[in-house]
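Below is one structure, written out as structure tokens; comments come after it.
Number of protein chains: 2
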Amino acid sequence: MTESRPRTRIQKKNRKAILDAALEVFSQYGFRGSTLDQIATAAGLSKPNLLYYFPSKEAIHIELLSGLMDTWLDPLRALDPAGNGKAELLAYMRRKLEMSRDYPRESRLFANEILQGAPRMHDAIKGDLKELVDRKAAVIQSWSAAGEIAQINPWHLIFSIWSLTQHYADFEVQIGLILEGRENDPYPEAERYLETLFEKLLAP
Amino acid sequence: MTESRPRTRIQKKNRKAILDAALEVFSQYGFRGSTLDQIATAAGLSKPNLLYYFPSKEAIHIELLSGLMDTWLDPLRALDPAGNGKAELLAYMRRKLEMSRDYPRESRLFANEILQGAPRMHDAIKGDLKELVDRKAAVIQSWSAAGEIAQINPWHLIFSIWSLTQHYADFEVQIGLILEGRENDPYPEAERYLETLFEKLLAP
DNA sequence: CGTAGATCTGACCAATTGGTCAAACAACAG
DNA sequence: CTGTTGTTTGACCAATTGGTCAGATCTACG
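Heads up: the protein sequence lines correspond to chains A and B, in order.
With my numbering, you'll find the first sequence wraps up at 878, consecutive numbering, no jumps.
With my numbering, you'll find the second sequence wraps up at 878, consecutive numbering, no jumps.
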């Protein structure tokens, strides 16, 4: 918040390298299970040098998480009350699945944070996220009332979109091992499957 | 495997207390993020005393995980090829949701292990689990072929049952915060929602 | 050039980590 | 009550942890 923005290109490059390395490490081992040495090595820096760019391990984690919240909720924000219910929700699901495919580490970072009890996202979830979800739940309810989609619990509908899509990122290893020799890339089939699922679920 | 079974009642009690404490800690912080001191304190023992019962931190973790795999897959094993497809799959889903409600720590322990790349379950997943899933996928496929249920990808169907049910345990904190003031216990509504979802999905 | 500022490093620190061990203590059979 | 076995502990250890700091080195710019 009160920070001076990074100026030089060297700062830009190294801060980016650190955040990228930290994302890799934190998303795998969680905050407590990750070490500055791991992050520094992954970023190609020495530990003291890393601490030249960030004041502490926690500061890196916080920066990652707060950067995450924004982009993570964009697809839900984009849900258009004026659009067609089924189409909007399917588009939301597709966009979330894309994010699992393109940003699996971000998904796992988030999963790790929740698993540990959301110590650093507690307020954001209880505040902004809850508010957004409640607002969009009302939109979904209005689609139900208008007969555009079936009558289903909008909160649990949102949870199901989250769980079904994020699962492909968070449990990537498991899915990969089980589908070994069958699907090298599970996403195309996942998209087809989830489209069917939500089309059937939402059909009035 | 080669261990002598615990004998005295004091051993039985303390081993149980340790495993319970370790489940609590490991499921929250993962293996690397957990400490023996945390576990010992939670178990009401001193660290050296804890190490009197288990040779190492890793040994505790392994014992928890191997104990988990068995019970975790029982519901899937119970899927009866001779039963009615839709009923069997709905029963499986319900049983999995029950497990999320009754054993959320076990679910999170598993989630943590997968997030960290499944270093200790890699072989079990690639072996027993994959084999079981493949076998049950064939059963599901036969139900599809017989017209008992719709034609859907059986592997992704299994993934979706896993993700939808485990989500209520793994993301418990997030769900609790979002539903605050609305549902104190999300499970009854979750069950209703998931029943609808799978009934619609599986209908031929 | 030269030098002011940015960047980087080795050496260091206190706290925490997983784990050991000898000795103290408890339980229980004889 | 005595000795044997099972249990517990305090003191200890080396390695790792997050973090500091003085100084070395590099970079941009006049």
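We treat Cβ as the ideally placed atom computed from N, Cα and C, and that holds for glycine.
None of these values were measured; they are calculated from a predicted model.
Residue burial classification, residue i (beta-carbon count within 10 angstroms, cutoff 16)
{"i": "residue 862/A", "result": "exposed"}
{"i": "residue 685/A", "result": "exposed"}
{"i": "residue 854/A", "result": "exposed"}
{"i": "residue 856/B", "result": "exposed"}
{"i": "residue 828/B", "result": "buried"}
{"i": "residue 723/A", "result": "exposed"}
{"i": "residue 878/B", "result": "exposed"}
{"i": "residue 820/B", "result": "exposed"}
{"i": "residue 818/A", "result": "buried"}
{"i": "residue 786/B", "result": "buried"}
{"i": "residue 740/A", "result": "exposed"}
{"i": "residue 792/A", "result": "buried"}
{"i": "residue 708/A", "result": "buried"}
{"i": "residue 749/B", "result": "buried"}
{"i": "residue 816/B", "result": "exposed"}
Close Cβ partners of residue i (< 7 Å) along its chain, the five nearest in sequence each way excluded
{"i": "residue 754/B", "result": "762"}
{"i": "residue 849/B", "result": "842 and 860"}
{"i": "residue 731/A", "result": "710"}
{"i": "residue 835/B", "result": "766, 767 and 770"}
{"i": "residue 872/B", "result": "763, 764 and 767"}
{"i": "residue 738/A", "result": "693, 696, 697, 700 and 783"}
{"i": "residue 846/B", "result": "778"}
Nearest-angstrom Cβ-Cβ length linking residue i and residue j, presumed shorter than 8 Å
{"i": "residue 832/B", "j": "residue 810/B", "result": "7 Å"}
{"i": "residue 734/A", "j": "residue 692/A", "result": "7 Å"}
{"i": "residue 703/A", "j": "residue 794/B", "result": "Rounded, the Cβ-Cβ distance is 14 Å, inconsistent with contact."}
{"i": "residue 760/A", "j": "residue 823/A", "result": "5 Å"}
{"i": "residue 747/B", "j": "residue 806/B", "result": "6 Å"}
{"i": "residue 779/A", "j": "residue 697/A", "result": "5 Å"}
{"i": "residue 721/A", "j": "residue 851/B", "result": "About 35 Å; that fails the 8 Å criterion."}
{"i": "residue 874/B", "j": "residue 874/A", "result": "5 Å"}
Close beta carbons around residue i, own chain, < 6 Å, minus the five adjacent residues each side
{"i": "residue 712/B", "result": "699"}
{"i": "residue 798/A", "result": "743"}
{"i": "residue 782/B", "result": "701 and 844"}
{"i": "residue 695/A", "result": "713, 716 and 717"}
{"i": "residue 814/B", "result": "828"}
7 Å Cβ cut-off: residues of chain B touching residue i
{"i": "residue 845/A", "result": "788"}
{"i": "residue 782/A", "result": "789"}
Beta-carbon neighbours of residue i, restricted to chain A and to distances below 9 Å
{"i": "residue 799/B", "result": "847, 848, 851 and 852"}
Proximal chain B residues relative to residue i, where beta-carbon distance stays under 9 Å
{"i": "residue 731/A", "result": "Ordered by position in chain B, no residue passes the 9 Å Cβ test against residue 731/A, which lies about 13 Å from the chain."}
Contacts that residue i makes with chain B (C-beta to C-beta distance below 8 Å)
{"i": "residue 807/A", "result": "852"}
{"i": "residue 804/A", "result": "851, 852 and 854"}
{"i": "residue 812/A", "result": "Near residue 812/A there are no residues of chain B at all, since even the closest Cβ is about 12 Å away, more than 8 Å."}
Chain-ordered neighbours of residue i on chain A, where CB pairs are closer than 7 Å
{"i": "residue 792/B", "result": "847 and 848"}
Chain-order list of residues whose beta-carbon lies under 8 Å from that of residue i (same chain, five-residue window excluded)
{"i": "residue 865/B", "result": "768 and 771"}
{"i": "residue 839/B", "result": "767, 770, 771, 773, 774 and 868"}
{"i": "residue 736/A", "result": "794"}
{"i": "residue 790/A", "result": "704, 705 and 706"}
{"i": "residue 758/B", "result": "822"}
{"i": "residue 802/B", "result": "743 and 747"}
{"i": "residue 830/A", "result": "none"}
{"i": "residue 729/A", "result": "none"}
Contact set between residue i and chain A, taken where Cβ atoms lie within less than 8 Å
{"i": "residue 717/B", "result": "Those within 8 Å of residue 717/B in chain A number zero; the least Cβ separation is about 19 Å."}
Item checked: Proximal residues, the region 752-778 of chain A versus chain B, C-beta separation under 9 Å -> Answer in chain order: no residues at all.
Notebook entry, point to check: Between the region 820-840 of chain A and chain B, which residues of the former have a C-beta closer than 9 Å to a C-beta of the latter?
Noted result: Here the close residues are 824, 826, 827, 829, 830, 831, 832, 833, 834, 836, 837, 838, 839 and 840.
Check: Closer than 9 Å, Cβ to any Cβ of chain A: which residues of the region 686-714 of chain B, in chain order?
Finding: Considering only beta carbons, the part of the region 686-714 of chain B lying closer than 9 Å to chain A consists of 701, 702, 703, 704, 705, 706, 707, 708 and 709, in chain order.
Item checked: Contact list for the region 859-877 of chain B against chain A, Cβ threshold 7 Å -> Going along the region 859-877 of chain B in chain order, one finds 863, 864, 867, 870, 871, 874 and 875 with a Cβ nearer than 7 Å to chain A.
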